[in-house]
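Notes follow once the structure below has been shown.
Take a look at the structure:
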């Protein structure tokens, strides 16, 4: 370090004074190079420039800076370096900052800057005075002063007002850096970044601007005033919360209002210490835009003093002293006080010294006495810049704050090569080195052609912009002509390949029916373009021209009954469609979507033959004829294939409707068109301007002629009085047996279905006359017959008077009008022998009320008047367990000539009217079963299915079946118009009892028409006739079936017709036969015709037994 010797300092001041005098005596330097304050600094020895030069010369052991300054002042080539050594070149900083600014913000490319508001309104130096006090307070840097009499030494500079700096010299290249964007807002510099230009600040919606709306670029290349900010509109925090014994440090000095984002910290006063962790608050907002401070958690409590040591021969009052407390001392009696009798607890301020810091390489350090709280400052030699902090503070631990400061060599880095240009000279990249640029051929240069590396490590100017020329290209449907030419013909066309310099103009001309893109109301077939950096602006093309309403030919539209759907839009774009609509008298458009089209500046009118309007057509979808056909012009049209049916038919079309399906006839409304016996069954409808005439006909099930029903009733013994001429489809006609007929074999109901009477097999059996019976009896017999008897009825025969010992069948049976009798007779005698002491047998007799009852005794079926031994048991059932319900005793016993109960009855499950309950029928599968046991049990093969059918039900009945087993599946009821509704229950695998009924929907099933049927599931056997034939046997054809169940018997006979036969074989549980013949049949040659006859007779007799 250079010692601060007074003599040395005097010499330095003397040299500096000579240097300044030399500078003033020389030609004035260029202020654009030396900086903004050169003029002023050269005229005042007491300015900071002299101090800086003096200090630097004194601190430099070799006085290099002073010598350099003296030498360079004499040489204009090195004037800038000398100034850098003696002053802080503000103008160079401003140039550097301007060089770093984005060129795009200055659209003018280098015109004179817009003067500030002050310079515009106060051009005289008398109205713009320099305020030295404010300059010192704000640390404002000012350029060289000037006035009306004191001209700027830089001939390019002008004398302008720079606020508190007064009138100063402003060079044309003085620029400010681009202002930093603000949160929730934006800043615009539309005028540019030159001196006097304004930066305008605007906030987003719901935010307000705090601070100036405009800031102006000053001579020190900084923006005036404080930077504004955007905060939530109306959001303010209250005054800062108070913390006793503390000092508030707000983020913005002298704040009177607090906004969202502001913060403040608290520092306890001397003598107080912080308790709590949170000593900083921030202004934040809620969703409702209300602002408040974040919570503060600290107090400043008095700092405690150390505990006082007791004094000899005295006492001290109090204990636990804190800042501000007073301790009082008193001596014991007989002792005097030496020193102060009171001590005050004060803040502890240590007296700390820091070591002298060393000068950094290529720099020096400036400092005051090295006491606690003092600061040292660092400064680097020319060509070097501070890397670290500019100052360090002596802290309470006796050390300097922060890290050591280093002076690094200034290096601006490799300059950027301009696009469409190159670097032609580069002396280096360190401080004061220079670079030169050059643009390529066919380009225009904008910007400085050279730059210098500045003290802040940036180049003084950016690389220049090399703007390309524009080439004339081929334009589809157009061409370029020179600017100002009014004749846009192709002979004025500029050839392709010609180059236009940047910022020169030309015109685009389009061919006929083509124009430049435009939204104007007229044709735009030409326009001006300008070359901008190799690109024509605006971009151009020749596009198909638009169409205009004045060119419309309405006669062509009216010829096809068209008009515009809305007013014509002027103009209409190329390929745009104009909707057309039909004229009121012709409201239907034959071909949908017909439009008027604009194509390359001309209107294109409808030309397709189907593009016209007509009177309304009729919608074919509105008509249909199920079970019939529709004819157009006597030709079949609908009802064939969908492809043959058009969707619409023309006005005036005549259609003929005809029912073609068998069993249907045509109705219009509720009225049939014709009588079923006629051959005419059609009607006509016309299309009248979109509406079908008349009512829509339908094909309904045909009616039935009563004559067709009654013609077949007589031969079946039936008659009816409920059908006069016609019956509607679905109607039921009640029948009854004719006068000499009875016992209907089936339902007495006929149903009309689609013009035909539903086939039925019901017949009434012809009755037998008592007179005919008496005429056929022999004299030995008499019959008790009072009225005609129905078929199946029996009349008891008795021996006539004088005859005894009735032999043969004791009754005669009526069989469909004929009496059947065996060879019954009585012997002529007057006495009948009897055995005393014997119990009498019973005689089983049938009657009209028990005609459906079948009786079994000792395994055989009983006929009328069959004898039953005393104590013999009868088993009874209904002959038809499906349609008849068994009512009464299942078993009866003969006791001394009488049965122990009345005979049961079989009640028909077929009601008189289907409205009461539909007739019921049960069917099993396979159909050659079931087998019914003697006691009425239905025996079916395992896995069989049963179906319940409700006959003649026109609406879906309630088919109910109850059982104690679960079926494999149950199929939904299906309808057959010849049968009725049927439900199938599949896979019965175990014995059960079925309770099934057919009920009217919504009503409880009638008990009388609910059947209770027991089902036995049996194993099945199949015949193996190969095995049977191996024994020379064959199955008797009368007992051959497809399937057999348990206890079924198959009779066997010898295949060779030998007089020998095996009685039968039986199907047993598990599906096996009990077949094991002891010997084979005799050979075939031993048979005779008589033996065959005898064998068959024996087999027949055996079967009957």
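In mature numbering (1 follows the signal peptide of the UniProt record, and there is no 0), the protein residues as written are -25 to -1, 1 to 1080.
We put the beta carbon where it would ideally sit given N, CA and C, even for glycine.
Item to complete: Run the CB neighbour count on residue 836, radius 10 Å, all protein chains shown included, and call it buried at 16 or more, exposed below.
Response: With fewer than 16 neighbouring CB atoms inside 10 Å of its own CB, residue 836 falls in the exposed class.
Worksheet entry | Beta-carbon contacts of residue 839 that lie in its chain and below 7 Å, excluding the five residues immediately before and after | The beta carbon of residue 839 is closer than 7 Å to those of 769, 786, 788, 820 and 821 in its chain, skipping five residues each way along the sequence.
Discussion item. Distance check for residue 150 and residue 525, CA to CA, integer angstroms please.
Written reply: Linking residue 525 to residue 150 through their CA atoms gives a straight-line distance of about 58 Å.
Fill in: Sub-9 Å separation of residue 1083 and residue 563 beta-carbons
Summary: the structure shown does not reach residue 1083, with the chain confined to residues -25 through 1080, and so no result is reported for it.
Practice prompt. Identify whether residue 595 lies in helix, strand or coil by the three-state DSSP scheme.
Written response: Three-state result, residue 595: helix.
Worksheet entry | Closest Cα partner of residue 827 within the set 795, 718 and 775 | Nearest of 795, 718 and 775 to residue 827, Cα basis: 718.
Worksheet item: Where does residue 750 sit, in a helix, a strand or coil, going by DSSP?
Response: Residue state, collapsed to three classes: helix.
Item to complete: Since I believe residue 272 is in contact with residue 257 (beta carbons under 8 Å), could you give me their beta-carbon distance rounded to a whole number of angstroms?
Response: With 8 Å as the limit, residue 257 and residue 272 do not qualify as a contact, their Cβ atoms being about 14 Å apart.
Item to complete: List in chain order: all unbroken beta strand (DSSP E) runs of 3+ residues lying wholly within the segment 483 to 563.
Response: Inside the segment 483 to 563, DSSP marks whole beta strand (DSSP E) runs of 3 or more residues at positions 501 to 507, 510 to 512, 537 to 539 and 552 to 557, from first to last along the chain.
Fill in: residue 479, DSSP secondary structure in three states
In this structure, DSSP gives residue 479 a state outside helix and strand, which the three-state scheme calls coil.
Practice prompt. Give the secondary structure of residue 854 by DSSP, where H, G and I count as helix, E and B as strand, and everything else as coil.
Written response: In this structure, residue 854 counts as coil in the three-state DSSP scheme.
Practice prompt. Please work out which residues of its chain come closer than 7 Å, Cβ to Cβ, to residue 875, disregarding the five sequence neighbours upstream and downstream, and give them in chain order.
Written response: Result list for residue 875: 867 and 868, in chain order.
Item to complete: Could you have a look at residue 157 and say whether DSSP puts it in helix, strand or coil?
Response: The answer is coil: DSSP assigns residue 157 none of H, G, I, E or B.
Worksheet item: Along the chain, where does the beta strand (DSSP E) that runs through residue 134 open and close?
Response: Taken as a continuous stretch (DSSP letters only), the beta strand (DSSP E) holding residue 134 covers 133 to 136.
Worksheet item: Run through DSSP, which three-state label would residue 724 get?
Response: Look at residue 724 here: in three-state DSSP terms it is strand.
Worksheet item: Which of the three DSSP states, helix, strand or coil, is assigned to residue 780?
Response: Strand at residue 780.
Worksheet entry | Alpha carbon of residue 460 to alpha carbon of residue 425, nearest angstrom | Cα to Cα, the separation comes out at about 41 Å.
Discussion item. Between which residues of its own chain and residue 558 is the CB-CB distance below 6 Å, once the five residues before and five after are set aside?
Written reply: Within the same chain, and ignoring the five residues on either side of residue 558 in sequence, the residues whose Cβ sits closer than 6 Å to its Cβ are 536 and 538.
Practice prompt. Taking only the alpha-carbon atoms, compute the straight-line gap between residue 450 and residue 130 and give it to the nearest angstrom.
Written response: In a straight line, the C-alpha of residue 450 is about 50 Å away from that of residue 130.
Worksheet entry | Residues near residue 968 in its chain [Cβ-Cβ closer than 6 Å; skip 5 each side] | For residue 968, same chain residues with a beta-carbon under 6 Å away, outside a window of 5 residues either side, are 989 in chain order.
Worksheet item: What are the uninterrupted segments assigned as beta strand (DSSP E) that are 3 or more residues long and contained completely in the segment 397 to 465, given in chain order?
Response: As far as the segment 397 to 465 is concerned, its whole beta strand (DSSP E) runs of at least 3 residues are 409 to 414, 418 to 421, 425 to 427, 440 to 443 and 453 to 457.
Item to complete: Report the option in 996, 722, 801 and 716 whose CA atom is closest to the CA atom of residue 765.
Response: For the set 996, 722, 801 and 716, the Cα lying nearest the Cα of residue 765 is the one of 716.
Worksheet item: Sorted by chain position, which residues of the same chain lie with C-beta nearer than 8 Å to residue 772's C-beta, five sequence neighbours on each side aside?
Response: 752, 756, 757, 758, 781, 784, 785, 786, 787, 796 and 799, listed in sequence order.
Worksheet entry | Rounded C-alpha distance that separates residue 1083 from residue 188 | Coverage of the chain is limited to positions -25 through 1080, which leaves residue 1083 absent and any answer about it impossible.
Discussion item. Please identify the residue among 194, 690, 180 and 225 whose C-alpha is closest to the C-alpha of residue 209.
Written reply: Checking every option, the nearest Cα to that of residue 209 belongs to 180.
Discussion item. At the level of alpha carbons, what is the spacing between residue 479 and residue 519?
Written reply: CA-to-CA, the gap between residue 479 and residue 519 works out to about 28 Å.
Item to complete: Could you say which of 861, 871, 763 and 790 lies nearest to residue 814 if we only look at CA atoms?
Response: Nearest to residue 814 by C-alpha distance, out of 861, 871, 763 and 790, is 871.
Fill in: Reference residue 966; option with closest CA among 295, 920 and 132
Nearest Cα to residue 966 within the set 295, 920 and 132: 920.
Item to complete: Let me know if residue 118 comes out buried or exposed under the rule of 16 or more other beta-carbons within 10 Å of its beta-carbon.
Response: Around the beta carbon of residue 118, 16 or more other beta carbons lie within 10 angstroms, which makes this residue buried.
Discussion item. Just to confirm, is the Cβ distance from residue 689 to residue 725 under 9 Å?
Written reply: Cβ distance not < 9 Å, so residue 689 and residue 725 don't count as in contact.
Item to complete: Assign residue 691 to one of two classes, buried (16 or more other C-beta atoms within 10 Å of its C-beta) or exposed (fewer than that).
Response: Around the beta carbon of residue 691, a 10 Å sphere encloses 16 or more other beta carbons of the protein chains shown; the residue is thus reported as buried.
Worksheet item: Is residue 681 helix, strand or coil when you go by DSSP?
Response: Reduced to three states, the DSSP call for residue 681 is helix.
Worksheet item: Which one of 545, 854 and 487 has the shortest CA to CA distance from residue 495?
Response: Among 545, 854 and 487, the Cα nearest to that of residue 495 belongs to 545.
Discussion item. Can you list, in chain order, the residues of its chain with a C-beta nearer than 7 Å to that of residue 910? Leave out the 5 residues immediately preceding and following it.
Written reply: Sequence-distant Cβ neighbours of residue 910 in its own chain, meaning closer than 7 Å and more than five residues away, are 850, 852 and 865.
Worksheet item: Roughly how many angstroms separate the alpha carbons of residue 589 and residue 531, rounded to a whole number?
Response: For residue 589 and residue 531, the distance between alpha carbons rounds to 16 Å.
Item to complete: Spatial neighbours of residue 301 within its chain, please: CB distance less than 6 Å, with the 5 preceding and 5 following residues excluded, ordered by chain position.
Response: Cβ within range, chain order: 317 and 319.
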